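In the working numbering, the protein residues as written are 30 to 468. For glycine and all other residues, C-beta sits at the position ideal for the given N, C-alpha and C. All figures in this text were calculated on a predicted structure; none of them were measured in a lab. Report on the structure given below.
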């Protein structure tokens, strides 16, 4: 979510100082304008016509002009539009401050929201926010769910992306192939799928039997073969997902939600330098490999995202390690009094797997006095106040820095005062969500 055209602008400014700089700047400005023109501006009058006609796939950005993340992403979006100019792909944008009804129709709840429109339907964009991410993702939209491979293209195909799945089945009637096609349809936005029914073609990439499914990676071991006997949709889906990310991946805004949506525990390793990343990565890689498919391990740049440590109940002291369960948000911080060593982390992870660790719950002290109309809730008194079955409870989860929360405060206090005489039946409460976990 952080992109800047500053390097490009500096280059243009430098060129302007030279004798030929004026012409260079003019050409550069024309190139930028041309690229910007390739991002279609949509409104209610031309939206349907644009997304349904002309291009096989359209990526639409729903944004607000005041949105910081939208501004940061804008030059990357424009650059992607320029790179995709010769493909059958269109990039477009909708200003939701001017087209509120249109944005509401498409379920826009935050900015930027990115959606892909294809002949087969509409889906959420789930890629990164760099130009290269937009380009790679949208080019995948032009591919069939499964590309049928021939002898002269299978080797090139397997190296065409960071993760490529190649299957070999006896025929299209194979039950396993039918399940494979379902998986490809489900995961096509993030992964490239191919197949062959010719054993001679399969042998070109060292696939020697049918049925078989192989994930080719541009990281870790380079390839992983499906080892189960039953080619079910669930088994194949898990296999592809588990082998589509590195053992130790870099976590950032572009892939955070994919990890959360996986439902698997996420093990964070906070680092501050490439040297630290390599040293600790070498120590943790065997642990990540041992628990592959059970826990996802990631690096996180403490220089950029150090504040996230507090949400894991870690102090901002590096390096640091913690496990978080994305579904219930339970957190298990590794003691910051200990060195991060392979054996210590392996023991910690094994204890977590076996259910021997208690989740860490952050709580402010319970107030000595809680006589105000708006009751103060912290993690340690949450159950006693909020879960009281004899009372109806309205609770506000707020952040002290939140402008909307500050505006709500006097109104909320008036509501609490109105019901103050019904304290045995109704409770109006608040909880600082930045300083307390929900038990």
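DSSP-derived helix/strand/coil call for residue i
| i | result |
| --- | --- |
| residue 197 | strand |
| residue 320 | coil |
| residue 313 | helix |
| residue 263 | helix |
| residue 177 | strand |
| residue 303 | helix |
| residue 226 | coil |
| residue 77 | helix |
| residue 215 | helix |
| residue 459 | strand |
| residue 122 | strand |
Burial state of residue i, where buried means 16 or more other Cβ atoms lie within 10 Å
| i | result |
| --- | --- |
| residue 125 | buried |
| residue 410 | buried |
| residue 353 | buried |
| residue 459 | buried |
| residue 431 | exposed |
| residue 421 | exposed |
| residue 466 | buried |
| residue 416 | exposed |
| residue 75 | exposed |
| residue 453 | exposed |
| residue 152 | exposed |
Nearest neighbour of residue i, chosen from the options [CA to CA]
| i | options | result |
| --- | --- | --- |
| residue 91 | 109, 184 and 128 | 128 |
| residue 84 | 121, 333, 458 and 100 | 121 |
| residue 238 | 228, 322 and 247 | 228 |
| residue 145 | 139, 154 and 138 | 154 |
| residue 13 | 329, 123, 192 and 422 | No answer is possible for residue 13: the residues shown for the chain start at 30 and end at 468. |
| residue 359 | 211, 261, 383 and 389 | 389 |
| residue 184 | 245, 94 and 131 | 245 |
| residue 393 | 379, 408 and 401 | 408 |
| residue 316 | 345, 198, 379 and 461 | 379 |
Same chain, Cβ closer than 8 Å to residue i, neighbours up to 5 away in sequence not counted
| i | result |
| --- | --- |
| residue 325 | 274, 278, 288, 291, 293, 294, 295 and 296 |
| residue 180 | 227, 229, 230 and 233 |
For residue i, the first and last residue of its enclosing beta strand (DSSP E)
| i | result |
| --- | --- |
| residue 360 | 360–362 |
| residue 287 | Where residue 287 is concerned, there is no enclosing beta strand (DSSP E), although the alpha helix (DSSP H) it sits in stretches over 285–291. |
| residue 272 | Here residue 272 belongs to no beta strand (DSSP E), and DSSP marks it neither H nor E. |
| residue 427 | 421–427 |
| residue 246 | 241–246 |
Other residues of its chain near residue i: CB distance less than 7 Å, five sequence neighbours each side excluded
| i | result |
| --- | --- |
| residue 434 | 427 and 428 |
| residue 141 | 90, 91, 92, 96, 98, 99 and 102 |
| residue 351 | 297, 341, 343, 360, 361, 362 and 363 |
| residue 200 | 226 |
| residue 112 | 160 and 164 |
Residue span of the alpha helix (DSSP H) that contains residue i, given as start and end
| i | result |
| --- | --- |
| residue 167 | 160–169 |
| residue 15 | Shown here, the chain extends from 30 to 468; a query on residue 15 therefore has no answer. |
| residue 97 | 97–112 |
Close Cβ partners of residue i (< 6 Å) along its chain, the five nearest in sequence each way excluded
| i | result |
| --- | --- |
| residue 190 | 221 |
| residue 37 | Confidence is the limiting factor: at residue 37 the pLDDT is only 32, short of 50, which leaves the residue's position unreliable and the question unanswerable from this model. |
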